[in-house]
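Mapping to my numbering: the sequence shown position 87 is 78, numbers consecutive.
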Amino acid sequence: MSEEILEVDGLTKVFNGTLTAVDHVSFSVAKGEVFGFLGPNGAGKTTAIHVLTTVLKPTEGKASVCGYDISANPGEVRASIGVVPQDYTSDEDLTGYENIILCGDLYGIPREVSKQRAEELLKLVELTDAKDKKVENYSGGMRRRLELACGLINRPTLLFLDEPTLGLDVQTRIAVWKYIRLMREEYNMTLFMTTHYLEEADSLCDRIAIIDNGKIVKIGKPEVLKASLGGDIMEITLNDDADATKLISKVKGVKGVKKSGAAYRIKLMNGEETAPEIMETLSSAGHKVIKLALTKPTLDEVYLEYTGRSMREAQEGAADVMRQRHILRRARRR
């Protein structure tokens, strides 16, 4: 039996009595697991973290973090967790080393202990050579690594990572992934992370909860979620609007067809074998294919399957756009 570090039951957060940001979500996270919330900006990911870390009070439902109820024992919850927020929180007028020590002071950690831990953490995230530089001189990647170190100063049982690589370029993002894996291995900790990067969730998470409009629509291991689609995905566009759904569905190996205008999304058992048969069937019926794509299942396909839209099509709220632009500007500073 696995030990549950986080247990959430019907958790809901409503703002101003009208806006439901988190809508009756229920899930659990086992000790040592990397659990991810995958969804677009505005899906409710950050609000969920704010409730679970006691920044916000839940409207309904309950949650237990490291054995403590978030409503009845908020102090114990905060002492047991670490948080790496979306926004950069380090003081730019302090050095990297001083920022970590400050976080230790806020947790009430004795200075002799926090000094030793700060040196260990700076080495872990490869910032030892920059520890005495002011943070205003750090790059975006260096700042994010420092935020990771600050989140570990109290040796948390559970670490929350809210969009840990938001605003970073691909190369730096991959480097941060390395540090996240190192943290897990070094401290045997449990991680709860939010992301809207599909490859990030696929690479780092043991299990993923797909969240959309405040609701969890599917939970599972990345490979299981992708396998649930049942095969390859073929997307075609015809040169006419005539409905070829029934025609395509009759081809052996086709498991499902969805039509949108002149475009079709087809689930296949074996794309390499079935795709040519579909093309021949359509051609024989007088249809002309003007666009074709054949892919293996991805998390974007999974998201589309369970929400009805791809992650790339998900709309962002105005507030999220402004926040992301602000983070991007700060991350690009040198």
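All C-beta atoms in this analysis are idealised placements derived from N, C-alpha and C, irrespective of residue type, glycine included.
Quantities reported herein were computed from a predicted structural model and do not represent experimental measurements.
*Measure the C-alpha to C-alpha separation of residue 177 and residue 87 and round it to an integer number of angstroms.*
As a first step, residue 177 is located in the sequence shown; it is residue number 186 there, counting from the start. As a first step, residue 87 is located in the sequence shown; it is residue number 96 there, counting from the start. When rounded, the distance between both Cα atoms is 21 Å.
*How many Å lie between residue 269 and residue 262 at the Cα?*
On the sequence shown, residue 269 is found 278 positions in, with the first residue counted as 1. On the sequence shown, residue 262 is found 271 positions in, with the first residue counted as 1. Cα to Cα, the separation comes out at about 10 Å.
*Give a yes or no on contact between the region 183 to 193 and the region 25 to 36, applying the rule of three or more CB pairs nearer than 8 Å.*
yes
*Could you pull out every residue in the same chain whose Cβ sits closer than 6 Å to the Cβ of residue 61, ignoring the five residues on either side in sequence?*
Mapped onto the sequence shown, residue 61 falls at position 70. The answer, listed in chain order, is 45, 54 and 68.
*Go through the region 30 to 109 residue by residue and report every complete run of the beta strand (DSSP E) that reaches 3 residues or more, in order.*
51 to 56 and 72 to 75
*How close, in whole Å, do the beta carbons of residue 144 and residue 182 come, if the pair is a contact with beta carbons under 8 Å?*
Locating residue 144 in the sequence shown gives position 153, where the first residue counts as 1. Locating residue 182 in the sequence shown gives position 191, where the first residue counts as 1. 16 Å between Cβ atoms; not a contact.
*Could you check if residue 24 is buried or exposed, using at least 16 other CB atoms within 10 Å of its CB as the buried criterion?*
For the purposes of this step, residue 24 is identified with residue 33 of the sequence shown, where counting begins at 1. It is buried - the Cβ of residue 24 has at least 16 other Cβ atoms within 10 Å.
_Less than 8 Å between the beta carbons of residue 159 and residue 167, yes or no?_
Looking up residue 159 in the sequence shown gives position 168. Looking up residue 167 in the sequence shown gives position 176. Yes, the pair counts as a contact, with Cβ atoms nearer than the cut-off.
_Assuming residue 4 and residue 49 are in contact, meaning their beta carbons sit under 8 Å apart, how far apart are those beta carbons, in whole angstroms?_
Start at 1 with the first residue of the sequence shown, and residue 4 comes out as number 13. Start at 1 with the first residue of the sequence shown, and residue 49 comes out as number 58. 6 Å between Cβ atoms; contact.
*Consult DSSP for residue 3 and reduce its assignment to one of helix, strand or coil.*
As a working mapping, residue 3 is identified with position 12 in the sequence shown. Strand at residue 3.
*Where does residue 212 sit, in a helix, a strand or coil, going by DSSP?*
Residue numbering aside, residue 212 sits at position 221 when the sequence shown is read from its first letter. Correct three-state label for residue 212: coil.
_Reference residue 265, options 201, 36 and 285, closest by Cα_ = Translated into positions along the sequence shown, residue 265 becomes position 274. Of 201, 36 and 285, the residue nearest in Cα terms is 285.
_At the level of alpha carbons, what is the spacing between residue 228 and residue 239?_
Here the question's residue 228 lines up with position 237 in the sequence shown. Here the question's residue 239 lines up with position 248 in the sequence shown. If I take the Cα positions, the gap works out to 13 Å.
*asked:* On the CB-based measure, 16 or more other CB atoms within 10 Å of its CB, does residue -8 come out buried or exposed?
replied: Against the sequence shown, residue -8 aligns to sequence position 1. Low per-residue confidence applies at residue -8: pLDDT is 42, beneath 50, and the placement is therefore not dependable, though the value from the model is reported in the following sentence. The residue is exposed, with fewer than 16 neighbouring Cβ atoms inside 10 Å.
_What does the alpha-carbon distance come out to for the pair residue 258 and residue 91?_
Numbered from its first residue, the sequence shown carries residue 258 at position 267. Numbered from its first residue, the sequence shown carries residue 91 at position 100. If I take the Cα positions, the gap works out to 51 Å.
*First and last residue of the alpha helix (DSSP H) that includes residue 133?*
Position 142 of the sequence shown holds residue 133. Start and end: 131 to 142.
*asked:* Mapping the DSSP letters down to three states, classify residue 203 as helix, strand or coil.
replied: Looking up residue 203 in the sequence shown gives position 212. Strand at residue 203.
*Helix, strand or coil for residue 262 per DSSP?*
For the purposes of this step, residue 262 is taken as the residue at position 271 of the sequence shown. Looking at residue 262 - three-state DSSP - the assignment turns out to be helix.
*Any idea what DSSP makes of residue 9, helix, strand or coil?*
Your numbering for residue 9 matches position 18 in the sequence shown. Reduced to three states, the DSSP call for residue 9 is coil.
_Boundaries (first-last residue) of the alpha helix (DSSP H) holding residue 177_ = For the purposes of this step, residue 177 is taken as residue 186 along the sequence shown, with counting starting at 1. Here the alpha helix (DSSP H) through residue 177 covers 161 to 178.
_Per DSSP, cross-strand counterpart(s) of residue 255_ = Here residue 255 corresponds to residue number 264 of the sequence shown, with the count starting at 1. In DSSP, residue 255 forms a bridge with 227 and 250.
*Reducing DSSP to helix, strand and coil, say where residue 126 ends up.*
Residue 126 sits at position 135 when you count from the first residue of the sequence shown. Note: residue 126 maps to helix in three-state DSSP.
*Should the region 103 to 121 be regarded as contacting the region 33 to 47, the criterion being three or more beta carbon pairs within less than 8 Å?*
no
*Please report the Cβ distance between residue 246 and residue 222, rounded to the nearest whole angstrom; I am assuming they are in contact, meaning their Cβ atoms lie under 8 Å.*
Residue mapping note: residue 246 aligns to position 255 of the sequence shown, counting from 1. Residue mapping note: residue 222 aligns to position 231 of the sequence shown, counting from 1. Right, the Cβ-Cβ distance comes to about 6 Å (below 8 Å), so this counts as a contact.
*What are the boundary residues of the alpha helix (DSSP H) that residue 293 is part of?*
By one-based count along the sequence shown, residue 293 stands at place 302. Run containing residue 293: 290 to 298, per the alpha helix (DSSP H) assignment.
*Ends of the beta strand (DSSP E) at residue 185?*
The residue you call residue 185 lines up with position 194 of the sequence shown. First-last of the beta strand (DSSP E) with residue 185: 181 to 186.
_Contact defined as beta carbons within less than 8 Å: I believe residue 290 pairs with residue 280. What is the distance between those atoms, to the nearest angstrom?_
Residue mapping note: residue 290 aligns to position 299 of the sequence shown, counting from 1. Residue mapping note: residue 280 aligns to position 289 of the sequence shown, counting from 1. That pair is no contact at about 27 Å.
*asked:* If I follow the unbroken alpha helix (DSSP H) through residue 193, where does it start and stop?
replied: Along the sequence shown, read from residue 1 onward, the residue named residue 193 stands at position 202. Taken as a continuous stretch (DSSP letters only), the alpha helix (DSSP H) holding residue 193 covers 189 to 195.
*Give the DSSP bridge partners of residue 27, in chain order.*
Counting from 1 along the sequence shown, the entry for residue 27 is found at position 36. Residue 27 is bridged to 184 and 199.
*Can you tell me which of the three DSSP states residue 284 falls into?*
Residue mapping note: residue 284 aligns to position 293 of the sequence shown, counting from 1. Strand, per DSSP.
*Would you say residue 129 and residue 140 are within 8 Å of each other, going by their C-beta atoms?*
The residue you call residue 129 lines up with position 138 of the sequence shown. The residue you call residue 140 lines up with position 149 of the sequence shown. For residue 129 and residue 140, no; Cβs fall outside 8 Å.
_So for residue 120, helix, strand or coil by DSSP?_
Position 129 of the sequence shown, counting from 1, holds the residue named residue 120. Note: residue 120 maps to helix in three-state DSSP.
*If you draw a straight line from the C-alpha of residue 218 to the C-alpha of residue 200, how long is it?*
Here residue 218 corresponds to residue number 227 of the sequence shown, with the count starting at 1. Here residue 200 corresponds to residue number 209 of the sequence shown, with the count starting at 1. Straight-line Cα distance between these residues: approximately 16 Å.
*Starting from residue 149 and walking both ways along the beta strand (DSSP E), at which residues does that stretch end?*
Here residue 149 refers to the residue found at position 158 of the sequence shown. Where residue 149 is concerned, the enclosing beta strand (DSSP E) stretches over 149 to 153.
*Just how far apart, CA to CA, sit residue 142 and residue 134?*
Against the sequence shown, residue 142 aligns to sequence position 151. Against the sequence shown, residue 134 aligns to sequence position 143. Distance between the alpha carbons of residue 142 and residue 134: 12 Å.
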